[in-house]
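Take the sequence shown: its letters are residues -16 to 144, numbered as in our numbering.
Glycine included, C-beta positions come from ideal geometry on N, C-alpha and C.
Okay, structure first, notes after.
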Amino acid sequence: MLIVQIQGNVKHPITLDPTVWIFDDRKILFDSAFNKSTNDDLETHDSQEKPWNRDQYQQSLNPPINESVKKFDRRKVLENSYVMPLNYFLPNSEPSDDASKAILHTQNGDKEISFNELSDSLLLFALNGKPLKEDGPVHLFFGDGQNYNDPIKGIHKITIQ
C-alpha cells in the first residue's frame, strides 16, 4: 500500500497519501531541494505563516493544488523527481510537547531519529514522475542533506515518541 501513517505520541493519528502530492503546489523538485537558496526561501515562507488552527484548517480543507498545470507542464511534472517537506503535515497530528524521537517503520526494519530531524525532513515521493512502488512509498532525506546518498527507504509508518 502506498500510504504513510503518523501515530504514537500525537493527538490525532493521520494517514498520508503521497500519490496525490504530484498535484500539490508545495512539492519541491528533488534536484533543487538541497540548494541553499531554496531552503532559505522555504524557511522564510514558513516563518511568515500564521499559527496553525485546526478549526480553520477543517473549514478550508483545500490543499494547494496545481491549478497552474497546463498541457505543456504535464509532461514536465511526469518526468521530474519531487520531495515534500514533512513539516506541512506534522502539525495536523498535533504531536505532544514532549515528543523527542520518531521511529521510522520500513520494509527493512525500524530506524530511530530525533523529532527535530523528522520535522526538518523531506519525503521523496516521486522518482522520474512515478510513485515509489518497489522501495516506497517514501524515502526520507534529512533537511540538511546529510543522508543525500543514503536516504531511509520504504517508510510506511512513523511512530512519534
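Locate the beta strand (DSSP E) running through residue i, then write down its first and last residues.
i      : result
L110   : L105 to L110
F6     : Element bounds for F6: n/a, residue is neither H nor E.
F124   : V121 to F124
M(-16) : Premise fails: M(-16) is in no beta strand (DSSP E) and is neither H nor E.
L(-1)  : I(-3) to L(-1)
Kindly indicate the opening and closing residues of the alpha helix (DSSP H) around residue i.
i    : result
P74  : L73 to S76
E100 : F98 to S102
Comparing alpha-carbon positions, which option in the options lies nearest residue i?
i     : options                     : result
L61   : K140, T(-2), N70 and V3     : V3
F13   : T142, Q144, I138 and L123   : L123
D133  : N75, N111, P78 and D118     : D118
P(-4) : M(-16), P68 and P74         : P74
V121  : A16, Q90 and S76            : Q90
L69   : G137, N130 and L105         : L105
D0    : S15, Y131, F108 and G126    : F108
G92   : K136, A16 and N18           : K136
Y131  : L115, F17, K116 and N99     : F17
D127  : I(-14), L110, I138 and S102 : S102
S76   : T(-2), L(-15), K59 and R58  : T(-2)
Between which residues of its own chain and residue i is the CB-CB distance below 6 Å, once the five residues before and five after are set aside?
i    : result
I11  : V66
T27  : Residue placement at T27 is flagged as unreliable, the pLDDT there being 44, under the threshold of 50; a coordinate-derived value is accordingly withheld.
N22  : Because N22 sits at a pLDDT of 46, beneath the cut-off of 50, its placement in the model cannot be relied upon, and the point is left open.
K140 : Q(-12) and H88
I143 : G(-9), N(-8), V(-7), P78, A82 and A85
Y71  : R9
S97  : K84
Bridge partners for residue i per DSSP, in chain order?
i     : result
F13   : DSSP output for F13 lists no bridge partner at all.
G(-9) : I143
G92   : T89
Y65   : L12 and A109
K84   : S97
P134  : None, per the DSSP bridge assignment.
Keeping to the same chain, check which residues put their C-beta closer than 7 Å to that of residue i; ignore five residues upstream and five downstream.
i    : result
N63  : L12 and G112
E100 : F125
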